[in-house]
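Enquirer: Can you keep this structure in mind? I'll have questions shortly.
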Amino acid sequence: MLSNAPNALVCLRRWPLPAQQQKLLTSWLAQPNTVLLLTEQALAQWLAMPALFDQVSVPVYALQAEISDLTDNNPDQAVPAFVLQLSDSAWLDLTLQSQPVLNLG
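In our numbering, the protein residues as written are -16 to 88.
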């Protein structure tokens, strides 16, 4: 179980976001105790454009299984060391401990 869970978990599934969702994302990422979980297409896009990581100052998470799928299909794909990899059970714990959980994209 994760200790000191964040107050807010922002799950980002697609990138780029529509303007209204981008404003919401920017607002939440400015809050203390928020984390960003990159999944699906958003994870692939952010890994392809690493400069995006420079725009956030919150912890960034990704699911181990999704990272494995991406790197298996593209061996040259680099995953920054600061992207925290979550197992399925750790992701479940994080989701249950976070309030609110926002799904964008």
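Glycine included, each C-beta is placed from N, C-alpha and C at the ideal position.
Exposed or buried, Thr17, counting other C-beta atoms within 10 Å across all chains shown (16 or more means buried)?
Expert: Translated into positions along the sequence shown, residue 17 becomes position 34. Flag for Thr17 reads buried.
Enquirer: Measure the alpha-carbon distance for Val62 versus Pro42 and round it to whole angstroms.
Expert: Position 79 of the sequence shown holds residue 62. Position 59 of the sequence shown holds residue 42. If I take the Cα positions, the gap works out to 14 Å.
Enquirer: With a threshold of 16 other CB atoms inside 10 Å of the CB of Ser10, please say whether the residue is buried or exposed.
Expert: Counted from its first residue, the sequence shown places residue 10 at position 27. Exposed is the call here.
Enquirer: Measuring alpha carbon to alpha carbon, tell me which residue in Ala13, Ala45, Glu23 is nearest Ala64.
Expert: Here residue 64 refers to the residue found at position 81 when the sequence shown is read from its first residue. When only C-alpha atoms are compared, the closest one is Ala45.
Enquirer: Tell me, which residues are paired with Asn16 by DSSP?
Expert: In the sequence shown, the residue the question calls residue 16 occupies position 33. DSSP, once it has assigned bridges, lists no residue as partnering Asn16.
Enquirer: Could you give the residue range of the beta strand (DSSP E) that holds Leu(-8)?
Expert: Numbered from 1 along the sequence shown, position 9 holds the residue referred to as residue -8. Run containing Leu(-8): -9 to -5, per the beta strand (DSSP E) assignment.
Enquirer: What residues match up with Asn56 in a beta bridge as DSSP calls it?
Expert: Counted from its first residue, the sequence shown places residue 56 at position 73. Asn56 is not bridged to any residue.
Enquirer: What residue range does the beta strand (DSSP E) around Gln38 cover?
Expert: Here residue 38 is taken as the residue at index 55 of the sequence shown, counted from 1. First-last for Gln38: undefined, no H or E at that position.
Enquirer: Does the beta-carbon of Leu(-8) have 16 or more other beta-carbons within 10 angstroms, so that it is buried, or is it exposed?
Expert: Taking the sequence shown and counting its residues from 1, one reaches residue -8 at position 9. Classification for Leu(-8): buried.
Enquirer: Can you list, in chain order, the residues of its chain whose CB lies under 6 Å from that of Gln4, leaving out five sequence neighbours each side?
Expert: Taking the first residue of the sequence shown as position 1, residue 4 is located at position 21. Leu87, listed in sequence order.
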